[in-house]
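Okay, structure first, notes after.
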Amino acid sequence: MADSPAGRADTDLAGNGPGATGDEQAAALVAALTGRGETVAAAESLTAGLVCATLARVPGASAALRGGLVVYATELKAVLAGVDPQLLAEHGAVHPEVAVQLAAGAREKCGATWGLGLTGVAGPSPQDGVAPGTVHVGLAGPGTRTVRTLTLSGDRDLIRTSSVRAAFALLGEHLA
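In structure tokens:
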């Protein structure tokens, strides 16, 4: 990790660094994507646009951020992001393969190099028998389709912001 102008260690692409925040991760991702001539898009359910909003706060984000889909309602996951309706009917909206298909849909619909897909339960109540804090983060990119399943705790805001950081870390690991 390189020293920043303020004399503290910067956050690396995987989100490591003292007191790493989503904003620091976003800045590292925007720099890496821009340097590689690559872009990202997101299809977000439980985060409802927070991934894109966090990336967009970074100066120069327009070179890396293509756009996003907020697919909070289950049927919009199929209609807007191309998630298989049969998958949704059989397994519900909070499922690892749904996250992967959201990522692939964001990538395709927005014409991005990389797609992120997030689905989960922010709480405080379970959703369709799925416990609060259950989150699936999908990534689709050149030769890559993967998912990370998280079990988070905390209030809605903490679960949502932790999900964003996890999505940034997953993308960062593939860019490193």
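Letter 168 of the sequence shown, counting from 1, is numbered 179 in our numbering, and no numbers are missing. Yeah, the Cβ is synthetic: ideal placement off N, Cα and C, and Gly gets one too.
Could you please give the first and the last residue of the uninterrupted alpha helix (DSSP H) stretch that includes E108? 107–121
Would the segment 38–51 count as touching the segment 179–186 if we require 3 or more Cβ pairs under 8 Å? yes
Going by DSSP in three states, A53 sits in which element: helix, strand or coil? strand
Please report the distance separating the alpha-carbon of E108 from that of P135. 23 Å
For T124 and P153, the rounded distance between their alpha carbons: 7 Å
Pull up the CB-CB distance for G79 and E55, whole angstroms please, since I reckon it's below 8 Å. 6 Å
What do you get for Q112, buried or exposed, if any count of 16 or more other CB atoms within 10 angstroms of its CB means buried? buried
Buried or exposed for V51, please, with buried defined as at least 16 other CB atoms from any protein chain shown within 10 angstroms of its CB. buried
Are there 16 or more other CB atoms within 10 angstroms of the CB of R171, so buried, or fewer, so exposed? buried
Three or more C-beta pairs closer than 8 Å, one from the segment 86–96 and one from the segment 65–75: is that the case here? no
For L57, which option in V105, R156, L150 has the closest C-alpha, if you only look at C-alpha atoms? V105
CA-to-CA distance, L163 to G131, given in whole angstroms: 10 Å
For the ligand NAP, I want to know if G149 counts as a neighbour, meaning its beta carbon is within less than 8 Å of at least one of the ligand's heavy atoms. What this structure holds is no ligand at all, so the ligand NAP is not there to describe.
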